[in-house]
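Novice: Mapping of the sequence shown onto my numbering: position 221 corresponds to residue 855, and the numbering continues sequentially without gaps.
Submitted below is the structure of interest, expressed as structure tokens.
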Amino acid sequence: MLKEYEILEPYLEEMFYGDLITNPVLVLFLDLIKKIDNFKLEFTNKVSNGITHPARLNLVFSQELISKYKECMKFLYNVNLLRGIKLDLEKALSLIEGADFNKLKLINLGLDLHQNQSKSRVKVWFEFFNSPNLIFDALTAQGYNTEILNLITNEDILLGIDFFFDGRYNLKIHFRYQDYQTNKIVQAKLANYFCQRVLNVMSKSRGFYISFRQEDFKKFLYFPFDHGVHSFVNDLELSNLNPDTMRFHEYNPHGIGLYYDDILSKSVSEYNLYYYINNMEK
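See below:
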């Protein structure tokens with residue numbers, strides 16, 4: 635909607651610096667923002683070795699999902715028509731063709747732009763509940779090990795597909811845990827794979843995600859800041875993170891994604907911060 639675009643507009647040149655602001659994919663994305671409704675506008679800031687990569691923006695849909703799915707597909711096909719861009723849509727999207735869309739809970743459409751166009755991507759995430767067949771198909775496509783199988787505690791899946799502008803694509807599988815506080819079986823399973831500091835944060839969380847990097851199954855965790863940024867950083871003893879520098883203008887992030895190995899070392903070198911541009915917490 636125009637209202638959301640007007641909220642976002644003052645930050646655009648900061649998010650998409652240099653000639654990224656005129657990138658035709660961003661232009662298509664902003665046009666989509668202006669014409670649709672019922673979504674959360676999410677800004678993502680990736681920090682790697684102290685360097686920020688802010689040119690990342692998402693639309694999060696939880697209503698009217700069938701019509702929003704059609705809008706997302708239309709956007710992807712329009713991106714694919716742009717000169718110099720090749721998205722492998724057919725092969726990547728074939729994974730969800732057999733999914734039951736009556737069990738679709740959420741769609742997240744986003745873009746991540748770089749000066750080097752081959753590193754740029756558009757991405758789409760689908761969250762399904764009670765979908766064991768989709769979990770099996772996704773794990774078969776991505777690959778898995780015994781640890782991943784042991785950490786599956788329900789039949790819900792958040793499946794992400796990265797479409798790089800040079801034709802590559804990448805799958806990302808996240809498993810959600812909403813019942814950790816009350817489910818002793820889940821607690822026992824996760825206790826075999828995570829340190830006590832992480833288990834303590836899990837015990838306070840209303841819901842978190844566990845994922846694995848495709849090439850080496852390195853564990854990646856997403857936590858909402860249920861009890862504030864300072865509490866999270868203190869509980870995990872992450873001394874090199876300064877909560878006061880995580881604000882985006884007057885806004886606080888609503889969540890963080892980071893690698894488990896970094897948590898073990900108590901020195902986080904790479905993490906993602908997530909902010910809602912509309913309906914944000916100040």
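Using N, Cα and C, we set each Cβ at its ideal position, and we do this for glycine too.
All values reported here derive from a predicted model rather than from experimental measurement.
#1: Applying the 10 Å Cβ sphere with the 16-neighbour rule, what's the burial state of L636?
#2: For R847, count the other beta carbons within 10 Å of its own beta carbon; 16 or more makes it buried, fewer makes it exposed. Which is it?
#3: To the nearest angstrom, report how far apart L855 and S845 are at their CA atoms.
#4: Consult DSSP for F650 and reduce its assignment to one of helix, strand or coil.
#5: In the DSSP assignment, what are the bridge partners of H603?
#6: Based on Cα-Cα distance, which residue from M649, E640, L699 lies nearest to H883?
#7: For Y905 and V681, I'd like the C-alpha separation in whole angstroms.
#8: How many Å lie between I786 and F809 at the Cα?
#9: Hey, how far is the Cα of L898 from the Cα of Y885?
#10: With a threshold of 8 Å, are at least 3 pairs of Cβ atoms found where one atom belongs to the segment 742 to 753 and the other to the segment 724 to 732?
#11: Starting from the Cα of S920, find the closest Cα among V863, I911, L892, N826 and give me that residue.
#12: Below 7 Å CB to CB, which residues in the same chain sit around G889 once its five sequence neighbours on both sides are set aside?
#13: Decide if L693 is buried, meaning its Cβ has at least 16 other Cβ atoms within 10 Å, or exposed.
#14: Grab the span of the beta strand (DSSP E) containing F709 for me, first residue to last.
#15: In this structure, does DSSP put T686 in helix, strand or coil?
#16: Can you tell me which of the three DSSP states Y645 falls into?
#17: The beta strand (DSSP E) with N906 in it runs from where to where?
#18: Are the beta-carbon atoms belonging to N912 and K757 less than 8 Å from one another?
#19: What are the partner residues of K853, as DSSP defines its beta bridges?
#20: Of the choices F762, L805, N764, F760, whose alpha-carbon is the least far from that of Y778?
Specialist: Concretely, from the data shown:
#1: Looking up residue 636 in the sequence shown gives position 2. Per the 10 Å Cβ criterion, exposed.
#2: Taking the sequence shown and counting its residues from 1, the one referred to as residue 847 is at position 213. With fewer than 16 Cβ atoms within 10 Å of its Cβ, R847 is classed as exposed.
#3: Within the sequence shown, the letter at position 221 stands for residue 855. Within the sequence shown, the letter at position 211 stands for residue 845. Roughly 6 Å between the two C-alpha positions.
#4: As a position in the sequence shown, residue 650 is number 16, starting the count at 1. The answer is coil: DSSP assigns F650 none of H, G, I, E or B.
#5: There is no way to answer for residue 603, as the model of the chain reaches only from 635 to 916.
#6: The residue given as residue 883 occupies position 249 in the sequence shown. Ranking the options by Cα distance to H883, first place goes to M649.
#7: Numbered from its first residue, the sequence shown carries residue 905 at position 271. Numbered from its first residue, the sequence shown carries residue 681 at position 47. Approximately 5 Å, taken between the alpha carbons.
#8: In the sequence shown, residue 786 corresponds to position 152, counting from 1. In the sequence shown, residue 809 corresponds to position 175, counting from 1. The alpha-carbon atoms of I786 and F809 are separated by roughly 7 Å.
#9: Within the sequence shown, the letter at position 264 stands for residue 898. Within the sequence shown, the letter at position 251 stands for residue 885. Those two C-alpha atoms are separated by around 28 Å.
#10: no
#11: An answer regarding residue 920 cannot be provided, because it is not within the stretch 635 to 916 covered by the chain.
#12: By one-based count along the sequence shown, residue 889 stands at place 255. Counting only Cβ-Cβ distances below 7 Å, and skipping sequence neighbours, we find Y856, F857, P858, F859, Y908.
#13: The residue given as residue 693 occupies position 59 in the sequence shown. Its Cβ being crowded by 16 or more others within 10 Å, L693 is buried.
#14: On the sequence shown, residue 709 is found 75 positions in, with the first residue counted as 1. Looking at the DSSP string, F709 is not in any beta strand (DSSP E); the run it does join, the alpha helix (DSSP H), is 699 to 714.
#15: Translated into positions along the sequence shown, residue 686 becomes position 52. In the structure shown, T686 sits in a strand (DSSP, three-state: E or B).
#16: In the sequence shown, the residue the question calls residue 645 occupies position 11. Helix.
#17: As a first step, residue 906 must be located in the sequence shown, where it is residue number 272. Judged by DSSP secondary structure, N906 falls within the beta strand (DSSP E) whose first and last residues are 904 to 910.
#18: Counting from 1 along the sequence shown, the entry for residue 912 is found at position 278. Counting from 1 along the sequence shown, the entry for residue 757 is found at position 123. No, the Cβ-Cβ distance between N912 and K757 is not below 8 Å.
#19: Stepping through the sequence shown from its first residue, residue 853 is reached at position 219. F846.
#20: Here residue 778 is taken as the residue at index 144 of the sequence shown, counted from 1. Checking every option, the nearest Cα to that of Y778 belongs to L805.
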